[in-house]
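Some notes on the structure that comes next.
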Amino acid sequence: MTLLLLTALLIPPTAHVTPPGQEAVTLSARAIRTWEIELPADPFQKISGSLPIAHDGGSGFAVSASGTGFEIDTDGDGVLDRKVDGREDPETKVRGARVTVSGLKDGEPFRYPARMELRPEGWAWASSSVLEGMIGKTPVQLIDVDGNGRYTDVGTDAIGVNGSNVAQFLGETLLVDGELRSIALSGEGATVVARTFPFEGQVGTLDLRSEFGGKGVMLGAVVQSVDRKHSFELSAMENGAKVPAGRYRLVAAKIGLGEARATVDTRMMGTIRVKKEAKTALQWGAPIKATFVFDRKGSEITLDPEKVKYTGAAGERWVGWDPVGKSPTFHIKDAETGEVLVDAVFPGSC
Amino acid sequence: MNLVSKGVACAVLLCGIGAAKPVPQEGPDGAASQESQATGGSIPVKVVAGRLVVSCDLATAANRIPVNLFLEHEGRHGLQLHNRAAATLRAESADGTPRSIAMLFPGFRVDVPARELGPEEEFEEFTKYHSAEMGENALVGSIGVDVLKDWTVTFALASGAVRLEPPASDETVASTPGGIVSSVFVESDGTVVAPLSLIDDMAWLPVRWNSGEPAGFMLGTSKYDTRIDVRAARRVGKPAGDVGTVRIGEIDLSKYVAFRPEAVVEVHPDLALGITGIGLLESFEVRVDRARREVRMKPIRAAKYPEADFAFFSARAKESPDALLGYLESYPGARLAPEAARLLLDDSLADMASPEDVNAAVKWIYDTMEGDLRTTRMLDLMKEMADAGESDVVVAAGALGIEAGRDDRYPNAVHEVHGLLGRTLLDRGDGDEAWRHLLSAAFGLPEDGRVNYDLGRFYESQGRFRRAFSRYVQAVISPESGGLAIDAMQRVQPLLATSDDDTREPYSVAMVERMIAGKVRSFGAASPFVKSEETPVLRTVLVEFFTNGHFGNEERGGAIGGALGMEGLIGHFSPDSGVERGIEFESGDAEVSGVVGTEAEAEKPEEANVVFLEYHLPVPRPDALCTSLGAKRAAQLRVGDPEVIVVDGAVRSAGAGKWRDAEEIYNRGRRAVLGRLATLGDHELDLLDASYEDGVLSGTVEVYGPRGEDLAVEVVLAEGRVLYPGTSGVVVHRRVARGSLLGGTEPLGFSEDDGEDEVTFEFRRPVSEIEDAMAAHLDQLESEGAGSAPRISMTIDPREMRIIAFLYDRRTGAVLSADEIIPEGIPGDELRVLDVEAAPASAGGR
Chain A
1 MTLLLLTALL
11 IPPTAHVTPP
21 GQEAVTLSAR
31 AIRTWEIELP
41 ADPFQKISGS
51 LPIAHDGGSG
61 FAVSASGTGF
71 EIDTDGDGVL
81 DRKVDGREDP
91 ETKVRGARVT
101 VSGLKDGEPF
111 RYPARMELRP
121 EGWAWASSSV
131 LEGMIGKTPV
141 QLIDVDGNGR
151 YTDVGTDAIG
161 VNGSNVAQFL
171 GETLLVDGEL
181 RSIALSGEGA
191 TVVARTFPFE
201 GQVGTLDLRS
211 EFGGKGVMLG
221 AVVQSVDRKH
231 SFELSAMENG
241 AKVPAGRYRL
251 VAAKIGLGEA
261 RATVDTRMMG
271 TIRVKKEAKT
281 ALQWGAPIKA
291 TFVFDRKGSE
301 ITLDPEKVKY
311 TGAAGERWVG
321 WDPVGKSPTF
331 HIKDAETGEV
341 LVDAVFPGSC
Chain B
1001 MNLVSKGVAC
1011 AVLLCGIGAA
1021 KPVPQEGPDG
1031 AASQESQATG
1041 GSIPVKVVAG
1051 RLVVSCDLAT
1061 AANRIPVNLF
1071 LEHEGRHGLQ
1081 LHNRAAATLR
1091 AESADGTPRS
1101 IAMLFPGFRV
1111 DVPARELGPE
1121 EEFEEFTKYH
1131 SAEMGENALV
1141 GSIGVDVLKD
1151 WTVTFALASG
1161 AVRLEPPASD
1171 ETVASTPGGI
1181 VSSVFVESDG
1191 TVVAPLSLID
1201 DMAWLPVRWN
1211 SGEPAGFMLG
1221 TSKYDTRIDV
1231 RAARRVGKPA
1241 GDVGTVRIGE
1251 IDLSKYVAFR
1261 PEAVVEVHPD
1271 LALGITGIGL
1281 LESFEVRVDR
1291 ARREVRMKPI
1301 RAAKYPEADF
1311 AFFSARAKES
1321 PDALLGYLES
1331 YPGARLAPEA
1341 ARLLLDDSLA
1351 DMASPEDVNA
1361 AVKWIYDTME
1371 GDLRTTRMLD
1381 LMKEMADAGE
1391 SDVVVAAGAL
1401 GIEAGRDDRY
1411 PNAVHEVHGL
1421 LGRTLLDRGD
1431 GDEAWRHLLS
1441 AAFGLPEDGR
1451 VNYDLGRFYE
1461 SQGRFRRAFS
1471 RYVQAVISPE
1481 SGGLAIDAMQ
1491 RVQPLLATSD
1501 DDTREPYSVA
1511 MVERMIAGKV
1521 RSFGAASPFV
1531 KSEETPVLRT
1541 VLVEFFTNGH
1551 FGNEERGGAI
1561 GGALGMEGLI
1571 GHFSPDSGVE
1581 RGIEFESGDA
1591 EVSGVVGTEA
1601 EAEKPEEANV
1611 VFLEYHLPVP
1621 RPDALCTSLG
1631 AKRAAQLRVG
1641 DPEVIVVDGA
1651 VRSAGAGKWR
1661 DAEEIYNRGR
1671 RAVLGRLATL
1681 GDHELDLLDA
1691 SYEDGVLSGT
1701 VEVYGPRGED
1711 LAVEVVLAEG
1721 RVLYPGTSGV
1731 VVHRRVARGS
1741 LLGGTEPLGF
1751 SEDDGEDEVT
1761 FEFRRPVSEI
1771 EDAMAAHLDQ
1781 LESEGAGSAP
1791 RISMTIDPRE
1801 MRIIAFLYDR
1811 RTGAVLSADE
1821 IIPEGIPGDE
1831 LRVLDVEAAP
1841 ASAGGR
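This is the structure:
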């Protein structure tokens, strides 16, 4: 075997020249047919005449609303060739569909799956693809949240880390194999090169687990720094994780128990300050306070399960906390005597 | 309290605040069962498609039905019940108060205070695919831990039984020799006795895994496979679930089952490692004694590791189509092969596999399904893939589905496959092949709206417009194709003259109504109303009908009964020829202004003294005929569900029922109207000089009578007939209120006493404004989460326009006087007489 051949076998053709302490990997596109990745922001974009996926034949694939569904040009020839009605999710009551468009890009055939959802303002779309690869021993998936065709927008796009199906916002840092590292991404489209190197800024510990009050399993807890440069999914970090010091917001969270799930509306929450070389533990979850509104007309009172709100210790509002058939009992009392006038529960059909 | 089903409204209404009224709890004793709840007993169970199923009767004081139920030891519920079963049982009283339900087992019964709603689609799907194994009764619910926790439960699945015993009393437990078990030990017969942990009623077995780490295994029966937490499995580098030994004392669970890696979303102080499955429990007799906090596991079968199960979990963990294909080729008849085949298809599509590979995956789904359900399975796959735009899969599945059509358990499945395959081929431009399949579908399902619509599309594409129009007419009566068919008829009708020499009649609802006569249900009064001394007419009465195009269905009843009853009332009290046109005329007047006199006019009945309005409310979901006016009027009259006829805002009559109830609904409504007609009022309202010009409706309302602080006038644009085929079975809706002609949000007040005998109001509004308001109201309903409605029949047909005005009390909604007029200037004035001659006595619902 010649030296030249030996060299060719030992050095992979895609290897990058990487400075010491840095690691570079290539992330490649993969279509996701059954989308189960939970994103920290709504990825759906309103469709304005076309699905803006560029191809050799144009800048997108034409879409036109039709009845409750839409018609779409799936092969890029400008002709609306498929009528899609979509299907209403029995749980969410949201009508959605999945379409796959195909054509040529740079002379090569490609297929692009997209998720469609019917919103009050009309049909909207979101990507159904990721760029994925391994950084060290940590699998990552980049998601183009804003639908602009790039996967590298810090603070806007998302990244799934370590096989979690809960993605965090893409930041300038990443927890890789338990170590906080800076990450730099280069390239566009279907291939992106990710380089990581040790983070050199001030660091503190953020713990979302130890002071959380709740019986369920924390399935997701995503924070983002106020300057949107850093974001972490911390639900699996039992003792917290090293993060760049600064102010953070909880942007998404979810707990579950058995088949039940509850998510968090974080808009009423304050920020979390992570001081350098200190541990910050967020006190949230229980005790949960339930508030409800009711309508009263004369001697009739109407209560609506949709109007019961559950607020946690950090001001977070828990949504979906209404297992079907499990009603709270409402005691309606005489204000003066305290005598219970009526007990009521929501019907078993609710 | 007011019970309504989910999706309708879940509000609870409490009446009579001010008096103590605890929630009543009825017993189910009316079921006349002699069984005792105290004794317990043995429940026969069977494993069907990997689920534990119990057959029993359910009973309330009102009814008793035989059912199948899942038995889910880890289900966080008591008794879940499908809404349809609950309705049959009358599981809630009319005001929503839950009724106690008895589960009747051989020799004993178990009572629950109320049912809960469960995953209805899952119940229905299970029944569809496994009806043969379960017998003739549907699976309608599930028994969960809230029921089972009150018993000592023994799972003897190998002998097909679950035994329930009353729990030991505290005294008995205290006197137990040896006390409460604190550690695992083995009895002489091999039974392992272990302490039981109870966390929020969930029962946990103590296990050791991963070289002795303690963990918890939940005792579950809802799945066949024994699950292991996928994160824990990955942590030890075993994503396929082969984590090594998992021991309860001497028993190594990993010798009996291959663990299925799944997310275990549970909490345990050590580690929520997994959940037992039915497959594991079949090898043991397991006694769960919550009072003593102990579990006893007696092996009854030798351990036999299921290699095929592990092969699937291993292939699945590799996330590669090749691995799944390898599994299928090795274990084509295995229990998990259907799941593997489906996963193979998903992965093949995600990996953009070649059409040959995708078709091969479809074939695996076909091959791994039971012989008499293959066509049904292919049909379900076709529907899903059609929605996803994967037409190649639809075509491949269709071809396979047709192959097995004769053997399928559901004879209509093959016809549906032909229909969907034909539609897909038509979309792809393969018209001739599509036509062949669509004809086959129509042969089996001649009334299927979508098949007729697609055949119409084919004929239209061929320029065979008359044949196309005929198919569209058949399609218009079906809710799933009605909207499309209306558009298609309007498109094709002008082309008919080019294909034959017949004189064209302009497209109209009246024309469609005639064409569908006989295909839809109708109800007509035996004779028109004639006033007499016994039935005097002392006022004009307003009949308001609150309905919805999707309320109920033709089979079970709902809007269909009300619509047919209303059709009878309209035919009886308000034949078209009796409505004024443009200018006022006196009752009994023999001339109709603006219309050329004919013989038909000479027989014109007296002026209609009963006017009708139909409002659509967004319950159970919006339809395109819902308006803010309807919502406002419903609020004034305190109408909740769309199932009532209100006469003069004062007398209520049934407005929903089965189609065969139409005569009774008509008779009740008629009596209510006659009562009001015979009541002299203090007020009189007249509509005058109504006209339609350049898209604008205008006119005058004159009101006589004493003023009142709360009195007001409303002027409404209604359409005589509107096509809206909803799931209720009603196709043609009559006298549909489209919006207020007053423009603003407030009605005209009739309160100021200026000394004049009468007050004259003028109104003027472009029809397009009303159409915009209709669309805006639907947008608002959607944004409020009420649901969306197909936007069909949203354009008001001028030929059907009627103006209705009424004077009413804003406080109570009571109507004091009303009038109706057809404006002058609407298109088709010249055809008016023809309309009279052709006045149909037809066609309310399918």
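Quick mapping for you: the protein sequence lines, in order, are chains A and B. Residues 1 to 350 in this note's numbering are what the first sequence lists, from first letter to last. Residues 1001 to 1846 in this note's numbering are what the second sequence lists, from first letter to last. Just so it is clear, CB atoms sit at the ideal spot from N, CA and C, and this is done for glycine as well.
By a C-beta neighbour count over all protein chains shown, 10 Å radius and 16 as the cutoff for buried, is Thr1097/B buried or exposed? buried
Taking buried to mean at least 16 other C-beta atoms within 10 Å of its own C-beta, is Met1566/B buried or exposed?
-> buried
Does Gln224/A come out as helix, strand or coil in the three-state DSSP assignment?
strand
**Prompt:** Looking only at its own chain, which residues have a Cβ that is under 8 Å from the Cβ of Thr1627/B, when we skip the five neighbours before and after it?
**Reply:** Tyr1615, His1616, Ala1737, Arg1738, Gly1739, Ala1773, Met1774, His1777
### Message
Please classify Tyr1305/B as buried or exposed, where buried requires at least 16 other C-beta atoms within 10 Å of its C-beta.
### Response
It is exposed - the Cβ of Tyr1305/B has fewer than 16 other Cβ atoms within 10 Å.
Discussion item. Could you tell me the alpha carbon to alpha carbon distance between Gly1561/B and Trp1435/B, rounded to whole angstroms?
Written reply: 37 Å
Contact under 8 Å by Cβ, Ile143/A with Ala194/A = no
(message) 8 Å is my cut-off, CB to CB: does Gly258/A come that close to chain B?
(response) yes
- request: Note down, in chain order, all residues in the segment 1778-1790 of chain B with a beta-carbon under 8 Å from any beta-carbon belonging to chain A.
  value: Closer than 8 Å at the C-beta level to chain A, one finds these residues of the segment 1778-1790 of chain B: Asp1779, Glu1782, Ser1783, Gly1785, Gly1787, Ser1788, Pro1790.
- Going along the chain, which residues of the segment 61-88 of chain A sit with their C-beta nearer than 8 Å to a C-beta in chain B? Gly67, Thr68, Ile72, Thr74, Asp81, Arg82, Lys83, Val84, Asp85, Gly86, Arg87
Q: Please confirm if Ala253/A has its CB atom under 8 Å from at least one CB of chain B.
A: no
_Could you compute how far the alpha carbon of Ala1413/B sits from the alpha carbon of Pro1620/B?_
29 Å
- Task: Mind listing the chain A neighbours of Arg1290/B? Cutoff is C-beta to C-beta under 7 Å, in chain order.
- Result: Correct list: empty, because the minimum Cβ distance to chain A is about 18 Å.
TODO: Starting from the N-terminal side, write out each stretch of the beta strand (DSSP E) that is 3 residues or longer and does not extend beyond the segment 1451-1494 of chain B.
DONE: none
### Query
Using Cβ-Cβ distances below 8 Å, what residues of the segment 1471-1495 of chain B are close to chain A?
Gly1483, Leu1484
Q) By the criterion of Cβ-Cβ separation under 8 Å, what are the contact partners of Gly1389/B in chain A? A) Ile72, Thr74, Arg82, Val84, Ala97, Arg98, Val99, Thr100
Does Val1265/B get closer than 8 Å to chain A when you measure Cβ to Cβ? yes
Determine whether the beta carbon atoms of Leu1379/B and Gly1401/B lie at a separation below 8 Å. yes
Below 7 Å between beta carbons is the criterion; list the residues of the segment 1187-1216 of chain B that meet it against any residue of chain A, in chain order. Asp1200
Measure the C-alpha to C-alpha separation of Pro1618/B and Arg1287/B and round it to an integer number of angstroms.
Answer to the nearest angstrom: the Cα atoms are 51 Å apart.
Exercise for review: Compare the Cα-Cα distances from His1480/B to each of His1550/B, Val1417/B, Glu1133/B and report the closest residue.
Suggested key: Reading the sequence as shown, one finds Glu at residue 1480/B and not His. Looking at the Cα atoms, His1550/B is the closest of the given residues.
message: Suppose you measure from the CA of Pro1269/B to the CA of Asp1454/B; what does that come to, to the nearest Å?
response: Rounded to the nearest angstrom, the two C-alpha atoms are 60 Å apart.
Requested in this report: Take Glu1684/B as the anchor and find which of Ala1656/B, Ala1818/B, Gln1080/B, Ala1712/B has the nearest alpha-carbon.
Outcome: Looking at the Cα atoms, Ala1818/B is the closest of the given residues.
| request: At 8 Å on the CB atoms, spell out the chain A contacts of Arg1464/B, in chain order. | output: Simply none; closest approach about 22 Å.
TODO: Measure from the C-beta of Arg1064/B to each C-beta in chain A and report whether the shortest distance is under 8 Å.
DONE: no
Quiz item: What are the boundary residues of the beta strand (DSSP E) that Phe1806/B is part of?
Solution: 1801-1809
Beta strand (DSSP E) segment containing Ile1065/B, residue limits: 1064-1071
Requested in this report: For Thr337/A, collect the residues of the same chain with a Cβ closer than 7 Å to its Cβ; drop the 5 residues on either side in sequence, then sort them by chain order.
Outcome: For Thr337/A, where only same-chain residues beyond five positions count, there are no Cβ hits under 7 Å.
Three-way DSSP call (helix, strand, coil) for Ala1590/B in this model: Because the pLDDT at Ala1590/B is just 29, under 50, the model does not fix this residue reliably, and the value given afterwards should be weighed accordingly. Here Ala1590/B carries a coil assignment [DSSP, helix/strand/coil].
Contacts of Glu1074/B in chain A (Cβ-Cβ under 8 Å)
Gly258
message: Distance check for Phe1312/B and Pro1119/B, CA to CA, integer angstroms please.
response: Distance from the CA atom of Pro1119/B to the CA atom of Phe1312/B, rounded to whole angstroms, is 27 Å.
Exposure label - Leu1625/B; buried when at least 16 CB within 10 Å
Leu1625/B is buried by the Cβ-count criterion.
Identity of the residue in Ser1159/B, Ala1303/B, Gly1669/B, Arg1556/B nearest Ile1251/B by Cα: Ala1303/B
With DSSP run on the structure shown, which of helix, strand or coil describes Ser1440/B?
helix
| request: Determine the burial state of Val79/A: buried for a count of at least 16 other Cβ atoms within 10 Å of its Cβ, exposed for fewer. | output: Exposed is the call here.
- Taking the alpha-carbon positions, what's the Pro397/A to Val1358/B distance? Coverage of chain A is limited to positions 1 through 350, which leaves residue 397/A absent and any answer about it impossible.
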